[in-house]
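Q: The sequence shown maps to residues 540 to 722 in this note's numbering.
Just passing along the structure, written as structure tokens.
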Amino acid sequence: SIVPALGLVGAVTAGSAALVAITKQAFELGAAFDAASDRISVATGATGARLQRLQHDFEAVFTSIPVSMKDAAEAISILSVRLDLTGEALQNVSKNVLELSRITGTDAATNARLAARAFRDWSVETENQVDTLNLFLRASQASGISVTRLQELLVQFGAPLRGLGFEMEEVVAIISKFEKEGV
């Protein structure tokens, strides 16, 4: 009978189509990973062992939180260059910048750049950077100021306010209060 033979042909065709789809997805995933690796290499200038460490950091970040390869590669690149981090410290700060961006609906690369500037401007030690990001988020939630704008103002007015003896936490509170009050 021809009907069972057609069923077998249909099954083989469906199986072949599934295999082609899986192969295509694997190729696209490999190409995206290669593009992310290239992005890290170009942005950081890293080669050899340093590039391998950054690729490992990228993989650890990308596989642990729901984020695009592009965003993970940009965060890793920006924070590595601007904060001179690798390894667990880079992974922790990158994950938190990416999560902050996801939660607030803001651009990850912009947040990475602004956070790095704020950390450098205010001399935030590596071990305090995640807590500082949490401070930014809490201030944003309490006042309505965007995290991006808060970080910009922290850097813009950092030097004069430090000169007047203010600590970063106080400045975050002042900026947030001004935003909430419409000043």
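A virtual CB, placed ideally from N, CA and C, is assigned to each residue, including glycine.
#1: Could you tell me which of S576, L622, L590, A582 sits nearest to A654, measuring between CA atoms?
#2: From the DSSP output, in three-state form, read off A585 for me.
#3: Measure the beta-carbon distance from L637 to D610 and round it to whole angstroms, keeping in mind my assumption that it falls under 8 Å.
#4: Tell me the residue span of the alpha helix (DSSP H) that contains D703.
#5: Would you mind working out which of F675, G587, R688 sits nearest E709, comparing C-alpha positions?
#6: So what does DSSP say about V632, is it helix, strand or coil?
#7: Do you know how far the Cα of S619 is from the Cα of R592?
#8: Among the residues of its own chain, which have a CB less than 6 Å from the CB of L590, if the five just before and after it don't count?
#9: Looking at C-alpha atoms only, which residue of K634, A588, E691 is the closest neighbour of I604?
#10: Considering only the alpha carbon of each residue, which of A648, S679, E718, Q680 lies closest to M608?
#11: Can you list, in chain order, the residues of its chain whose CB lies under 8 Å from that of E627, leaving out five sequence neighbours each side?
#12: Report all residues from its chain with a CB closer than 6 Å to the CB of L692; omit the five preceding and five following residues, and keep chain order.
#13: E718 to W661, Cα distance in whole Å?
#14: Less than 8 Å between the C-beta atoms of V694 and A657, yes or no?
#15: Measure the C-alpha to C-alpha separation of V686 and R641 and round it to an integer number of angstroms.
#16: First and last residue of the alpha helix (DSSP H) that includes S616?
#17: Could you give the residue range of the alpha helix (DSSP H) that holds N650?
#18: Where does Q680 land, buried or exposed, given buried means 16+ other C-beta within 10 angstroms?
#19: Give a yes or no on whether the C-beta atoms belonging to Q594 and S576 are separated by under 8 Å.
A: On the basis of the supplied data:
#1: L622
#2: coil
#3: Indeed, because the Cβ distance is near 6 Å, the residues count as touching under 8 Å.
#4: At residue 703 the sequence reads Leu, which differs from the Asp that was named. Unbroken run through L703: none, as it is neither H nor E.
#5: F675
#6: The answer is helix: DSSP assigns V632 an H, G or I state.
#7: 11 Å
#8: S580
#9: K634
#10: A648
#11: Cβ neighbours of E627 beyond the five flanking positions: none.
#12: Closer than 6 Å at Cβ, skipping near neighbours: I714.
#13: 21 Å
#14: Between V694 and A657, the C-beta gap is smaller than 8 Å, which places the two residues in contact.
#15: Distance from the CA atom of V686 to the CA atom of R641, rounded to whole angstroms, is 12 Å.
#16: Residue range 608–622 is occupied by the alpha helix (DSSP H) that includes S616.
#17: From DSSP, the alpha helix (DSSP H) with N650 extends over 647–660.
#18: exposed
#19: yes
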